[in-house]
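Novice: Starting off with a structure, shown below.
2 protein chains.
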Amino acid sequence: MRGMIGEVEEILRAHDYKMTPKREHVLCVLLENKKRHLSAEEVYNLVKQRVPDVGLATVYRTLELFSNFDIIRSTDFGDGRKRYEFGTGSNDGHRHHHLICVECGKIIEMNEDLLEDLEERVTSAYDFTISDHELKIFGKCRDCMGQKNK
Amino acid sequence: MRGMIGEVEEILRAHDYKMTPKREHVLCVLLENKKRHLSAEEVYNLVKQRVPDVGLATVYRTLELFSNFDIIRSTDFGDGRKRYEFGTGSNDGHRHHHLICVECGKIIEMNEDLLEDLEERVTSAYDFTISDHELKIFGKCRDCMGQKNK
DNA sequence: GTTCGTGCAAAGCGTTTGCACTCTG
DNA sequence: CAGAGTGCAAACGCTTTGCACGAAC
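Just so you know, the sequences run in chain order A and B. Going by the working numbering, the first residue of the first sequence is number 1, and it counts up by one from there. Going by the working numbering, the first residue of the second sequence is number 151, and it counts up by one from there.
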């Protein structure tokens with residue numbers, strides 16, 4: 001994980017940005033919460049626990065910065081706010097989908113390359129050069145289905 | 151298309167809502183622009199051309215109303231505002247996906263049931279009961295690719 | 001000593017809501 | 001005249017921005 005920070009530092013430096021302590025904290029919070037899909041405010045609160053004098057604007061600016069370099073990716077799961085997570089690398093980062101439970105809001109991650117043949121079809125049928133795709137599946141998770149049946 | 155209005159009127163009436171003239175105009179605008187994906191404000195402007203005394207709030211309320219009954223569906227294509235289009239019926243309305251050109255913003259519609267076997271896999275692998283899904287594919291359309299190559 | 005990063009507060013923007021008016025039945 | 005529908009303007013929630021201060025090279 002130290003390595004990850006160095007890696008990001010490289011990317012930033014390559015674009016004339018610095019890895020400041022606050023940016024590092026934002027990164028750490030994201031790294032330590034890989035499983036969750038934090039909103040900007042949630043990131044802010046977690047960073048604030050370690051660095052009380054951080055500002056919300058800085059968090060937004062940092063998230064924006066990381067987004068621009070595909071270090072993280074933002075998605076709106078339907079609650080009107082952006083949520084951030086690591087892009088799992090800029091090459092294969094786009095094959096990454098979510099199951100969203102409409103009952104409890106849980107988000108289950110799903111890595112699935114089944115869309116590859118769909119991609120091929122689309123490319124030829126529509127003359128469309130795909131750079132990324134995003135699949136959200138809505139429904140009910142096991143737990144919430146269980147409750148329904150009791 | 152007259153039939154469509156009657157149909158919607160039925161749905162509304164069944165839930166104790168009325169098909170007022172303004173709601174009808176909103177519906178008409180949506181019907182006449184099926185191919186486009188209008189934002190609330192765009193709908194508002196188009197309705198205003200016919201009924202100058204309409205309010206933006208009414209448009210929002212109407213769109214919300216139609217959404218609730220799955221008459222229309224809203225999607226965010228990444229520009230931070232909701233865009234509305236007809237759900238093609240409440241049964242099969244969810245098999246409806248989009249190609250979004252990141253260059254010119256064009257949205258190409260794509261009806262594709264290739265995700266069905268993916269659905270089956272997900273259902274069994276994750277114990278997840280799917281009610282809907284949404285697939286957005288980002289890339290460059292033919293026109294924009296052409297420009298790039300010239 | 002520039003330049004970049006930052007905190008704070010204000011502004012922005014799409015959307016929602018409170019309230020009073022209006023229209024319909 | 002009761003109740004739903006509506007216009008207007010204010011409020012809202014998330015995000016962005018302007019500005020002045022502060023840190024780093």
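Virtual Cβ for every residue (Gly too), placed ideally from N, Cα, C.
At least one CB of chain B closer than 8 Å to the CB of S67 of chain A: is that the case?
Specialist: The residue given as residue 67 of chain A occupies position 67 in the first sequence. Taking Cβ atoms only, chain B never reaches closer than 8 Å to S67 of chain A, which makes this a no.
Novice: Can you tell which of B:E191, B:E284, B:E214 has the C-alpha that lies nearest to the C-alpha of E266 of chain B?
Specialist: Residue mapping note: residue 266 of chain B aligns to position 116 of the second sequence, counting from 1. When each option's Cα is compared against that of E266 of chain B, the closest is B:E284.
Novice: Assuming T58 of chain A is part of the alpha helix (DSSP H), what are its boundary residues?
Specialist: In the first sequence, counting from the first residue as 1, residue 58 of chain A sits at position 58. Taken as a continuous stretch (DSSP letters only), the alpha helix (DSSP H) holding T58 of chain A covers 56-68.
Novice: Quick one: Cα of I257 of chain B to Cα of E235 of chain B, how far?
Specialist: As a first step, residue 257 of chain B must be located in the second sequence, where it is residue number 107. As a first step, residue 235 of chain B must be located in the second sequence, where it is residue number 85. Rounded to whole angstroms, I257 of chain B to E235 of chain B spans 12 Å at the Cα level.
Novice: Flag H133 of chain A as yes if its beta-carbon sits less than 8 Å from any beta-carbon of chain B, otherwise no.
Specialist: Here residue 133 of chain A is taken as the residue at index 133 of the first sequence, counted from 1. Judged by the 8 Å Cβ criterion, H133 of chain A is in contact with chain B.
Novice: Distance check for F69 of chain A and K290 of chain B, CA to CA, integer angstroms please.
Specialist: Stepping through the second sequence from its first residue, residue 290 of chain B is reached at position 140. Stepping through the first sequence from its first residue, residue 69 of chain A is reached at position 69. So the alpha carbons of these two residues sit roughly 20 Å apart.
Novice: DSSP puts T123 of chain A in a beta bridge; with which residues?
Specialist: On the first sequence, residue 123 of chain A is found 123 positions in, with the first residue counted as 1. BP columns for T123 of chain A are empty, so no partner.
Novice: To the nearest angstrom, how far is it from the Cα of H165 of chain B to the Cα of N195 of chain B?
Specialist: Translated into the one-based positions of the second sequence, residue 165 of chain B becomes position 15. Translated into the one-based positions of the second sequence, residue 195 of chain B becomes position 45. Near 28 Å, if we compare the C-alpha coordinates of N195 of chain B and H165 of chain B.
Novice: DSSP on E112 of chain A, reduced to helix/strand/coil?
Specialist: Counted from its first residue, the first sequence places residue 112 of chain A at position 112. E112 of chain A falls in the coil class under three-state DSSP.
Novice: Quick check: the Cα distance between K172 of chain B and A190 of chain B, rounded to an integer number of angstroms?
Specialist: Position 22 of the second sequence holds residue 172 of chain B. Position 40 of the second sequence holds residue 190 of chain B. Using only the alpha carbons, I get a separation of about 14 Å.
Novice: Report the residues of the segment 223-236 of chain B with a CB closer than 8 Å to any CB of chain A, ordered along the chain.
Specialist: Listed by position, the residues of the segment 223-236 of chain B near chain A (Cβ gap below 8 Å) are D226.
Novice: Once DSSP output is grouped into helix, strand and coil, what is the label at I130 of chain A?
Specialist: As a working mapping, residue 130 of chain A is identified with position 130 in the first sequence. Note: I130 of chain A maps to strand in three-state DSSP.
Novice: What does C141 of chain A reach in chain B if we use C-beta pairs closer than 9 Å?
Specialist: Counted from its first residue, the first sequence places residue 141 of chain A at position 141. What C141 of chain A touches in chain B: Y276, D277, F278, T279.
Novice: Got a sec, what are the start and stop residues for the beta strand (DSSP E) K232 of chain B sits in?
Specialist: If you number the second sequence from 1, residue 232 of chain B lands on position 82. K232 of chain B -> beta strand (DSSP E) spans 232-236.
Novice: C168 of chain B touches chain A at which residues, Cβ-Cβ below 9 Å?
Specialist: Taking the second sequence and counting its residues from 1, one reaches residue 168 of chain B at position 18. The residue asked about is misnamed: residue 168 of chain B is Lys in this sequence, not Cys. Within chain A, no residue comes near K168 of chain B; the closest Cβ sits about 29 Å away, beyond 9 Å.
Novice: Note the first and the last residue of the continuous beta strand (DSSP E) segment covering C251 of chain B.
Specialist: Within the second sequence, residue 251 of chain B is the residue found at index 101, counting from 1. C251 of chain B -> beta strand (DSSP E) spans 247-251.
Novice: Distance, Cα to Cα, H248 of chain B vs V272 of chain B?
Specialist: For this step, residue 248 of chain B is matched to residue 98 along the second sequence. For this step, residue 272 of chain B is matched to residue 122 along the second sequence. H248 of chain B and V272 of chain B: Cα-Cα distance of roughly 21 Å.
Novice: Does I137 of chain A come within less than 8 Å of chain B when only Cβ atoms are used?
Specialist: The sequence position of residue 137 of chain A within the first sequence is 137, counting from 1. Chain B, which has a Cβ nearer than 8 Å to the Cβ of I137 of chain A, makes this yes.
Novice: Distance check for L12 of chain A and M19 of chain A, CA to CA, integer angstroms please.
Specialist: Along the first sequence, read from residue 1 onward, the residue named residue 19 of chain A stands at position 19. Along the first sequence, read from residue 1 onward, the residue named residue 12 of chain A stands at position 12. Their backbone Cα atoms lie some 7 Å apart in a straight line.
Novice: Is I257 of chain B close to chain A, meaning its C-beta is less than 8 Å from at least one C-beta of that chain?
Specialist: Counted from its first residue, the second sequence places residue 257 of chain B at position 107. No, its Cβ sits nowhere closer than 8 Å to a Cβ of chain A.
Novice: Kindly indicate which three-state DSSP category R36 of chain A falls into: helix, strand or coil?
Specialist: Reading the first sequence from its first residue, position 36 is the one you call residue 36 of chain A. Of the three classes helix, strand and coil, the one that applies to R36 of chain A here is coil, per DSSP.
Novice: Going by the DSSP bridge assignment, what does I107 of chain A pair with across the sheet?
Specialist: In the first sequence, the residue the question calls residue 107 of chain A occupies position 107. Looking at the DSSP assignment, I107 of chain A forms a beta bridge with A:I100.
Novice: For V43 of chain A, which residues in the same chain have their Cβ closer than 8 Å to its Cβ, ignoring the five residues on either side in sequence?
Specialist: Translated into positions along the first sequence, residue 43 of chain A becomes position 43. These residues qualify, in order along the chain: V26, V29, L30, V59, L63, Y84.
Novice: DSSP state of I221 of chain B, grouped into three classes?
Specialist: By 1-based counting over the second sequence, the position of residue 221 of chain B is 71. Three-state DSSP puts I221 of chain B in coil, outside helix and strand.
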